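Take a look at the structure below.
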Amino acid sequence: MVPPERTVPDRCPGVLAVHEAADGGLARVRLPGGVLSASQLRVLAAAAVELGDGHLELTSRANVQIRALQPGAPVELSERLYAAGLLPSITHERVRNILASPLSGLDQYSLYDVLPLAGELDRLLCATPGLAALPGRFLFALDDGRGDLESSKPDVAVRLVDRGRGELLLAGVATGVQVAVERVAEVMVAAAEAFLAVRGEQGSEAWRLGELDDGPLLVLKRLGLDGSPAAVPVGVRRGPAAAGVFEGGVVATVPLGVLGAEQAEALAESGDEVRVTPWRSVVVVGNGPVQRLTAVGLVLEKASPWNGVTSCAGRPGCGKALGDVRGDARRVVPGWSGGGRVHWSGCERRCGKPGGEFLDVVALGGGGYAVDGVAMGVDEVRAHR
Ligand code: SF4
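Going by the working numbering, the sequence shown opens with residue 46, and the numbers climb by one from there.
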């Protein structure tokens, strides 16, 4: 189904284009590949404490947000991020939306370490002036072969098929085009340029490739690539990285994706590199001690009811919210038995919802919720799972 035609440019927030939310300014910091050094994580956590509400929000695109910024704080924030190497481009900061398999290079399912490719793609993207015009929603993804990023619905993706080649996917559709790893960044950037060109030809304001008429086919033609977009499944599909300790590091679920300063410090102490995932969790690279992580409320148990639970901001952060979804989720979720994905939303827009199937919990106002469309009080939500 082709979504309705866009008539306005997207308003995705960035660091320089802060969104004015009900609780103050909201800045979104792009993290290509989700990668942060320990020192960069400390910079972000300190900025959240000193300029915002004290927390880092992890997003479904492996970025982080700082909210409740007061007037003047965005300038201070941008200066701190620039000094920490987290704002390498003024013109392209909102379009650096690059996912990479978070466990890449760390376990047996990784055909190829795509994190260096994410860095290469980011540099080439920022060095291509025309791509500053990409919509802030346009998403790139580099899948190391495990099939974990499909549900994020990237516009342009490459999924490794062996150590030397990857398959190009456009708007989630396999194209049959294989690209040598040395050319992956170049081809992905060319595909994004082709998207903009096709969008211009169609006189469209589309934010996503899948919104254009015959978008994948026309992009392939512009690239001069001999493929045929067809929804042919490619390889295996693995779900989100499971919480717990593994050979290459630790996957820690961050309840509701809200990371406090103490938790951020515990992560920074546990490894030199932290990778934010698209699933409200983080990967700590290496085998440092993990006791401190659980002591500050990060979740390492595979059976925890927090795994797979996400929410939007709700009250008080969002003026449209009909409930304090995070507060209610914190009361309800610990009593659940776990399993499956659940998304709590403050209204019908369902911001930040996961891809694929999930239990849909939407605030109705007055303390009530619709759970998969069935109205109930919050106590009944507690008993629902
Ligand atoms: S889903 Fe509704 S309440 Fe939640 S952040 Fe989006 S607009 Fe606000």
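Heads up, the beta-carbon is just placed ideally off N, CA and C, and yes, glycines get one too.
Note that this is a predicted model, so its numbers are computed, not measured.
In the DSSP assignment, find the unbroken beta strand (DSSP E) run with residue i in it and report its ends.
i	result
threonine 220	218–225
aspartate 188	185–188
serine 315	Per DSSP, serine 315 belongs to no beta strand (DSSP E); it is in the alpha helix (DSSP H), 306–315.
glycine 289	289–291
serine 356	354–356
glutamine 110	109–114
aspartate 167	From DSSP, aspartate 167 is part of no beta strand (DSSP E) but of the alpha helix (DSSP H) over 160–171.
leucine 260	It should be noted that the sequence gives glycine, not leucine, for residue 260. Unbroken run through glycine 260 is the alpha helix (DSSP H), 260–268; no beta strand (DSSP E).
glutamate 195	No beta strand (DSSP E) holds glutamate 195; DSSP gives it neither H nor E.
alanine 66	64–66
glutamate 102	100–103
Less than 7 Å separating the Cβ of residue i from some heavy atom of the ligand SF4?
i	result
lysine 392	The sequence shown places cysteine at residue 392, not lysine. Yes, the ligand SF4 has a heavy atom inside 7 Å of this Cβ.
arginine 141	no
glycine 359	yes
arginine 125	no
cysteine 396	yes
lysine 365	yes
Between the Cα of residue i and the Cα atoms of the options, which residue gives the shortest distance?
i	options	result
leucine 214	Ala275, Pro161, Ala72, Asp258	Ala275
valine 423	Ser382, Gly368, Phe403, Gln85	Gly368
glycine 171	Pro147, Ile135, Asp152	The question names glycine, yet the displayed sequence has cysteine at residue 171. Ranking the options by Cα distance to cysteine 171, first place goes to Ile135.
glycine 333	Ser146, Phe291, Pro180, Lys398	Phe291
valine 140	Val74, Ala230, Val94, Ser146	Val74
alanine 122	Ala62, Gly418, Gly211	Correcting the residue identity first, residue 122 is leucine in this sequence and not alanine. Looking at the Cα atoms, Ala62 is the closest of the given residues.
valine 370	Arg376, Gly364, Gly359, Val378	Gly359
arginine 430	Asp405, Tyr154, Val203, Gly412	Asp405
alanine 237	Tyr154, Gln115, Leu179, Val387	Leu179
alanine 145	Gln153, Asp188, Lys365, Glu212	Asp188
alanine 216	Leu254, Ala366, Leu101, Gly164	Leu254
alanine 93	Asn352, Ile111, Gly211, Val419	Ile111
glycine 380	Leu257, Leu132, Ala428, Leu270	Ala428
tryptophan 326	Thr173, Cys363, Pro285	The question names tryptophan, yet the displayed sequence has serine at residue 326. The residue with the shortest Cα to Cα distance from serine 326 is Pro285.
proline 147	Ala287, Ala235, Gln223	Ala287
What do you reckon, are the CB atoms on residue i and residue j nearer than 8 Å?
i	j	result
glycine 78	leucine 160	yes
valine 264	alanine 239	yes
alanine 118	glutamine 85	no
leucine 241	glycine 175	yes
proline 361	arginine 106	no
arginine 208	leucine 156	yes
valine 81	valine 329	Per the sequence presented here, residue 81 reads as leucine, with valine not at that position. Their beta carbons are not under 8 Å apart, which means leucine 81 does not touch valine 329 by this criterion.
alanine 225	alanine 202	no
glycine 272	glycine 221	yes
glycine 391	alanine 408	yes
glycine 384	leucine 345	no
glutamate 393	alanine 90	no
valine 378	tryptophan 351	yes
leucine 96	valine 109	no
cysteine 57	arginine 244	no
glutamate 445	glycine 59	Residue 445 lies beyond the residue range present for the chain, which begins at 46 and ends at 430; the question has no answer from this structure.
valine 303	valine 335	no
cysteine 363	glycine 397	no
Taking DSSP's pairing of strands, which residues face residue i in a bridge?
i	result
valine 206	For valine 206, which the question treats as bridged, DSSP gives no partner whatsoever.
alanine 145	Leu187
threonine 298	Ser326, Val344
glycine 413	Gly410, Gly422
valine 80	Arg320
aspartate 405	His388
alanine 366	Answer is none; alanine 366 lacks a bridge partner.
glycine 333	According to DSSP, which records beta bridges pairwise, glycine 333 is partnered with nothing at all.
valine 74	Val109
valine 303	Glu102
glutamate 212	Arg204, Gln223
glycine 14	Given that the chain is displayed from residue 46 to residue 430, the structure contains no residue 14 and the question cannot be resolved.
Over what stretch of residues does the alpha helix (DSSP H) that includes residue i continue unbroken?
i	result
glutamate 250	Glutamate 250 -> no alpha helix (DSSP H), and no H or E assigned at all.
glutamate 121	118–128
leucine 241	229–246
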